[in-house]
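Q:
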Amino acid sequence: MTYLSPLGYLLGIEGAALLRGVREGSADRAFVETRIAEIRALLDTAALAQAEGVTASPGTISVTDVYRSWAPHYDAPGNQMIDIEQPIVRRILDGLPVGTALDAACGTGRHTTYLRELGHDVIGVDVSPDMLAQARKRLPDVAFHEADLHRLPLPDNAVDTVVCALALTHVPDLAPVLAEFARVLRPGGSLVISDAHLLVSYLRPTLARRPGPDGRPSLLTEHHRPLSAYLAAALPLGFQVRQCEEPRRPRHSLDPETAPDPLPAHMSWDLLHWCPEASAAALDDSPIAVVWHFQLDGVRKAGHLSGVRARSTSSSGGSSPSRTAMT
1 MTYLSPLGYL
11 LGIEGAALLR
21 GVREGSADRA
31 FVETRIAEIR
41 ALLDTAALAQ
51 AEGVTASPGT
61 ISVTDVYRSW
71 APHYDAPGNQ
81 MIDIEQPIVR
91 RILDGLPVGT
101 ALDAACGTGR
111 HTTYLRELGH
121 DVIGVDVSPD
131 MLAQARKRLP
141 DVAFHEADLH
151 RLPLPDNAVD
161 TVVCALALTH
171 VPDLAPVLAE
181 FARVLRPGGS
191 LVISDAHLLV
201 SYLRPTLARR
211 PGPDGRPSLL
221 TEHHRPLSAY
231 LAAALPLGFQ
241 VRQCEEPRRP
251 RHSLDPETAP
261 DPLPAHMSWD
271 LLHWCPEASA
281 AALDDSPIAV
291 VWHFQLDGVR
301 KAGHLSGVRA
311 RSTSSSGGSS
321 PSRTAMT
């Protein structure tokens, strides 16, 4: 069980602001004393001190359940993660040769649309039927498949580019998914990945969702990783790093003019308006996402696929079944 305390979160933000200020040399005496005074004021604020927190159960709501509620408005303006991630991914895609592209975990088709505009033949795959419904409305002539990233409905060497945006945080183990990307990519093909940054998972408010099977509010299980985890999964498969960026949250992204009245006393992004200066000090210019561009080495790929087939044949006592594209 996880207890989500609004006051506890705000005290954590104050602490993060102090620690970051000391580390970066921006915490002068006035800043530190202001933070201490603000902490005392928060503790003495009845709306926060008396606010009931939420006890939530981790892992009791599925990705499909969450995206069912997100699908109608996922691409609406104001999603800061998308606003920051999307231009970087598109800049990488602009430099790639036109060919056949897979948008893996395509969601509502925002990157699928851009790939089509660049001239690619595009295939979209997602596990959420609700997100796919939105994508099909947007791009009725694109082949979209409901499938898991661990078993892509494509044959070997089928595509020149794979894009996987803001989805790997839902995958418990990167290695088998990246192995699938390597399998469907042609030698020399590109893999473009974006994902939420490890640091953002510590600074953002954790939001409880609708009650799960145990009747308690639910927490979606997410897997946030250090950069080394992507390299550990990608390099043995023959992927070579071509680019890595860690885009940062813009300064002054918390607009004081948008503060609700009265201020919320429940877990919410709006909770940050209780202490805007500390929130800015903790969050502004902090990494929000990571974007990778990998390229697949053809020689390493051939050796890897041969090893996979050999292990599969040995374990099954015969030839491994082939996978064909879904139609």
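Counting with full-length UniProt numbering, you get residues 1 to 327 for the letters of the sequence shown.
For each residue, glycine too, the CB sits at the ideal point set by N, CA and C.
#1: Would you mind sorting TYR9 into buried or exposed? The rule is 16 or more other CB atoms within 10 Å of its CB.
#2: For VAL130, which of helix, strand or coil comes out of DSSP?
#3: Put residue 330 into one of helix, strand or coil per three-state DSSP.
#4: For the beta strand (DSSP E) containing ASP103, name the first residue and the last one.
#5: Going straight from the alpha carbon of TRP292 to that of ALA46, what length do you get?
#6: Roughly how many whole angstroms lie between the Cα atoms of PRO187 and ASN157?
#7: Taking the straight line between their C-alpha atoms, what separation do you get for VAL290 and PRO247?
#8: Which whole runs of the alpha helix (DSSP H) in the stretch 209–247 are 4 residues long or more, in chain order?
#9: Considering only the beta carbon of each residue, do GLY119 and VAL98 sit closer than 8 angstroms?
#10: If you draw a straight line from the C-alpha of VAL22 to the C-alpha of ALA280, how long is it?
#11: Which of the three DSSP states, helix, strand or coil, is assigned to SER201?
#12: Which residues share a DSSP beta bridge with CYS164?
#13: Pick helix, strand or coil for ALA27, following the three-state DSSP scheme.
#14: For the beta strand (DSSP E) holding PRO260, just list the boundary residues, first then last.
#15: Roughly how far, in whole angstroms, is the beta-carbon of residue 355 from the beta-carbon of ALA104, given that I think they are within contact range, below 8 angstroms?
#16: Measure the alpha-carbon distance for VAL192 versus SER228 and round it to whole angstroms.
A: The relevant details are as follows:
#1: TYR9 should be labelled buried.
#2: This sequence places Asp at residue 130; Val is not what is there. Here ASP130 sits in helix by DSSP.
#3: Absent from the model: residue 330. The displayed extent of the chain is 1 to 327, so no value can be given.
#4: Its beta strand (DSSP E) spans residues 100–104.
#5: Using only the alpha carbons, I get a separation of about 46 angstroms.
#6: If you draw a straight line from the Cα of PRO187 to the Cα of ASN157, it is about 7 angstroms long.
#7: Near 7 angstroms, if we compare the C-alpha coordinates of PRO247 and VAL290.
#8: List check, alpha helix (DSSP H) in window: 227–234.
#9: Cβ atoms of GLY119 and VAL98: closer than 8 angstroms.
#10: Going by the C-alpha atoms only, they are around 15 angstroms apart.
#11: Helix, per DSSP.
#12: DSSP lists ALA104 and ILE193 as the bridge partner or partners of CYS164.
#13: Here ALA27 sits in coil by DSSP.
#14: Following the DSSP letters along the chain, one finds PRO260 in no beta strand (DSSP E), marked with neither H nor E.
#15: Lying before the first or after the last residue shown, residue 355 is absent from the chain, which here runs from 1 to 327.
#16: Rounded to whole angstroms, the gap between the alpha carbons of VAL192 and SER228 is 16 angstroms.
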